[in-house]
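Chains as they are written, first to last, in my numbering: chain A, 1 to 504; chain B, 505 to 820; chain C, 821 to 974.
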């Protein structure tokens, strides 16, 4: 422990050099920008800047590129709150309560609490990264196909009704999401499914297209459909007093932030789009522990603070598998791996001993980066909040163009734009029919992984279903799922029994 | 009225003036390399590295554009239909010759003109260093006495390394249990966690772990030994006549003018010989293997026939 | 209200049915050696069951079905502005590669602004020009992201 602190001190020495500080600054600014623009994510941002790092030494390069990754997590919430457009795939949940807060004139509070929550969670995440990396990495390796399957089942069951409301309708949306997730190449056999000989469909439906379509374009269309007079109105202009969170708001949110940080850090170790799942989990937890669950969906500050913190913490813990094992669990860290390789650093168990100045330098720069981001984002809150003053007549087309452009930059594909438009129309219809989009998105993310894990497990075990129960971790998750389903049923049954005996 | 006429004349001048400028001197604007896979993968990194060094020899920027999807189909289809003017190229790797035999594609390797080959990497099987098989002989013997028991992971059903594994099991006369994963990363992770017995990969996948001593190369499918690990014998040296690798090169849409192809070839060759690229390649354990357009074209055609045959046998 | 919910449920049911029919045409296999079609088939059937149950629930309920807390939007349906919006977006996407990003973004902005009621053309054109130019500069020059160029070369 003491040794780690010593190393950390050396790391700060490296990170605070004029050069590295500058690159950290560049990284986080680009990251924020990239996060704010919908569609364009850290993947594109990092990939674009890799060539710019060729002349730098490895440490500076990684400091800058890592800054883009966690910087994007700060920026992603901005458009989610202001425009209901997820700037980052992980910012989808922030749209739910964040946008409602903005509609009620509390955009500034939402933006600010995001920055604060992200800062706290990011900082805690770094400490976790430093002290817990090796054991956590080993734990992550213990997850094989059977364990992933059970984990996904658990996540799916628990989170599909993340926003509350009718369980049946949420489940329907989730199944629709699962079906959409099957479009494309069958991951096990390699055959096309529902592809109709179109190579674009063979690639599957891009998650970002569905997210931006359902939430962003959907909201735009809902606004467009409103009678002309409402379009003339501006949104409730935020008053100066309402711009920043009060002490009360901070007190309300601090536990949500801490819980979110914990959840995010843990979930971030799961391969795949962990930040998204972390935000869903945090929102669910907040809703369940809150004394006023009915506020959620209408602008509860905890519904923003928790998920955003989870988002950031997951981003930090995503570095653990990369640095400790040398395997990236998510696309952005995969690109970072590439960048490391190009600069001659081989991540993995040897990295920390072979390149201590790199590892500790990057860790220290993460702390500095989080600090810079907090300082950067807070003053801009009023600026961003005032974007809502633009009359809807002009704001809506701007948002549409914004979404369209951002969407294209993800895969350079017009097919994705078509999907976005399609899901935009769908999002509009879903609102009319009172369905929620969040379960659909979750299912789109989890579904393919669930199916792959299931089939892989059976292939390895030669068709033996026992594999899900004999392995301890898998058994634990399946039991938890069962309990989650049964306990409310038992409680309802007991209540009915009690009321029956009472009236008898 | 007069102003409108003026505007029309101006527009005509601009358009008319721009057109001949395009054909005159190649390149007049940036060249795009389409990589039909996601950013951060092995192919993406190699081509980003060569694009960076070639820019200065070509005189204009060389930019990598990712067009992932369909196992490569999307990117290849797009470039096969692109204008053959030399500004849109695509990174051709072995799956280009495999895909048309597996799914109905709008292209084959003959839809492109070869420019240059950049790297050729062997494929290999990795196991954990604490695995019960000390070397290839142990591994193959165990597979013979326990058919379909050894689980071998790959980066995708029907993908390059999966086919390598299938071809190897045929050459060795054994049967493995092939487990697909959505990419090289997850397959190596599963091996590290002990959930599968072995994994079929191509560098740089798995290299960091071998260097760190957590994984070992149990079978190397190459004609000569790996520079980075000179103590590892190839499968050929141990009695099984089998070698299969992955090449990575650059092609353009068919019909690109020969002078343009030559300019591109010369620039990329210099880019490959640039010390910065050589260092990047060495760090990634990637084997630089230059082939000119004629040889590269021949390689693609012969692999096309080979994989056509293999896929037919496998798809029984 | 009820009719709207029934239609919504019916559409979902149809989606499930189509999925089931299409997946039945793919290799199914068994649970042990699943073919491509097995998973989607199960999902399609499940969806039909769920939406069927929902429609029954709606049909038999006395109260308004929205007492579960989710609020249906109260505005007009697929009105003309919505369709116009979607059409303009579709047209823009169709012409993205032929006309190039700069031109298309200008036309998109101008069209959408007009749909939303900005009738003064000079203001409309000015706003659209500025937006198109600004976003083009931002993406292509500042961020160096390639965006489609049309036959005009911009």
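C-beta atoms are modelled at their ideal positions from N, C-alpha and C, and glycine is treated no differently.
These numbers were taken from a predicted model, which means no experiment stands behind them.
Neighbour flag for residue i against chain A, beta carbons, 8 Å
i, result
"residue 636 of chain B", "no"
"residue 577 of chain B", "yes"
"residue 841 of chain C", "no"
"residue 791 of chain B", "no"
"residue 937 of chain C", "yes"
"residue 787 of chain B", "yes"
"residue 713 of chain B", "yes"
"residue 707 of chain B", "no"
"residue 891 of chain C", "Residue confidence is low: residue 891 of chain C scores 43 on pLDDT, short of 50, so the model does not pin down where it sits. Its coordinate-derived value is still stated next. Yes, because at least one Cβ of chain A sits closer than 8 Å to the Cβ of residue 891 of chain C."
Proximity of residue i and residue j at Cβ, strictly below 8 Å
i, j, result
"residue 346 of chain A", "residue 712 of chain B", "yes"
"residue 651 of chain B", "residue 594 of chain B", "no"
"residue 15 of chain A", "residue 317 of chain A", "no"
"residue 697 of chain B", "residue 142 of chain A", "yes"
"residue 33 of chain A", "residue 951 of chain C", "no"
"residue 286 of chain A", "residue 256 of chain A", "yes"
"residue 68 of chain A", "residue 105 of chain A", "no"
"residue 213 of chain A", "residue 293 of chain A", "no"
"residue 111 of chain A", "residue 445 of chain A", "no"
"residue 542 of chain B", "residue 581 of chain B", "no"
"residue 695 of chain B", "residue 603 of chain B", "no"
"residue 421 of chain A", "residue 909 of chain C", "yes"
"residue 90 of chain A", "residue 279 of chain A", "yes"
"residue 507 of chain A", "residue 571 of chain B", "Because residue 507 of chain A is not part of the residues shown, which for chain A are 1 to 504, the question remains open."
"residue 264 of chain A", "residue 313 of chain A", "yes"
"residue 460 of chain A", "residue 147 of chain A", "no"
"residue 626 of chain B", "residue 549 of chain B", "no"
Within-8 Å CB hit, residue i to chain B
i, result
"residue 411 of chain A", "yes"
"residue 200 of chain A", "yes"
"residue 319 of chain A", "no"
"residue 384 of chain A", "no"
Residue i, DSSP secondary structure in three states
i, result
"residue 695 of chain B", "helix"
"residue 795 of chain B", "strand"
"residue 682 of chain B", "strand"
"residue 480 of chain B", "Summary: the structure shown does not reach residue 480 of chain B, with chain B confined to residues 505 through 820, and so no result is reported for it."
"residue 750 of chain B", "strand"
"residue 702 of chain B", "strand"
"residue 886 of chain C", "Caution applies to residue 886 of chain C, whose pLDDT of 49 falls short of 50 and renders its modelled position unreliable; the value that the coordinates give is listed next. Helix, per DSSP."
"residue 593 of chain B", "strand"
"residue 209 of chain A", "helix"
"residue 800 of chain B", "helix"
"residue 216 of chain A", "helix"
"residue 552 of chain B", "helix"
"residue 632 of chain B", "strand"
"residue 638 of chain B", "coil"
"residue 893 of chain C", "In this predicted model, residue 893 of chain C has a pLDDT of only 45, less than 50, meaning its place in the structure is not dependable enough to derive any value."
Check: residue i C-beta below 7 Å from any heavy atom of the ligand HEM
i, result
"residue 285 of chain A", "As presented, the structure is devoid of all ligands, the ligand HEM included, so that no description of it is given."
Residue-chain proximity (residue i, chain C), Cβ-Cβ < 8 Å
i, result
"residue 171 of chain A", "yes"
"residue 393 of chain A", "yes"
"residue 421 of chain A", "yes"
Discussion item. Check whether the stretch 196–213 of chain A and the stretch 71–78 of chain A are in contact - that is, three or more C-beta pairs closer than 8 Å.
Written reply: no
Item to complete: Ignoring anything shorter than 4 residues or poking outside the stretch 104–164 of chain A, list the alpha helix (DSSP H) runs there in chain order.
Response: Listed in chain order, the complete alpha helix (DSSP H) runs (minimum 4 residues) inside the stretch 104–164 of chain A are 107–141, 145–159.
Discussion item. Contact between the stretch 635–653 of chain B and the stretch 610–622 of chain B is defined here as three or more beta-carbon pairs at a separation below 8 Å; is this criterion met?
Written reply: no
Worksheet item: What alpha helix (DSSP H) runs, 4 residues minimum, are completely inside the stretch 236–279 of chain A?
Response: 247–267
Worksheet item: Between the stretch 673–690 of chain B and the stretch 452–468 of chain A, do three or more beta carbon pairs fall short of 8 Å?
Response: yes
Practice prompt. Pick out the complete alpha helix (DSSP H) segments inside the stretch 330–369 of chain A, 4 residues or longer, and give them in chain order.
Written response: 331–342, 351–354
Worksheet item: Taking only runs of the beta strand (DSSP E) that begin and end inside the stretch 642–671 of chain B, which ones reach a length of at least 3 residues, in chain order?
Response: The qualifying runs are 655–658.
Fill in: the stretch 171–191 of chain A in contact with the stretch 367–379 of chain A per 3-pair CB rule at 8 Å
no
Worksheet item: Taking three-plus beta-carbon pairs below 8 Å as touching, is the stretch 702–710 of chain B in contact with the stretch 469–480 of chain A?
Response: no
Practice prompt. Just list the alpha helix (DSSP H) runs in the stretch 6–47 of chain A, keeping only unbroken ones of 4 residues or longer that don't cross its boundaries, in chain order.
Written response: Segments of the alpha helix (DSSP H) lying fully in the stretch 6–47 of chain A: 18–36.
Fill in: Segment contact, 8 Å Cβ cut-off, at least three pairs: the stretch 576–591 of chain B with the stretch 551–563 of chain B
The count of Cβ pairs closer than 8 Å, one atom from the stretch 576–591 of chain B and one from the stretch 551–563 of chain B, stays below three, leaving the stretches out of contact.
Discussion item. Does the structure place the stretch 170–179 of chain A close enough to the stretch 826–846 of chain C that three or more beta carbon pairs sit under 8 Å?
Written reply: yes
Worksheet item: In chain order, which alpha helix (DSSP H) runs of at least 4 residues are fully inside the stretch 939–966 of chain C?
Response: Runs found: 941–956.
Discussion item. Across the stretch 23–37 of chain A and the stretch 322–329 of chain A, are there enough close Cβ pairs to call them in contact, namely three or more that are closer than 8 Å?
Written reply: Cβ pair count under 8 Å is below three, so no.
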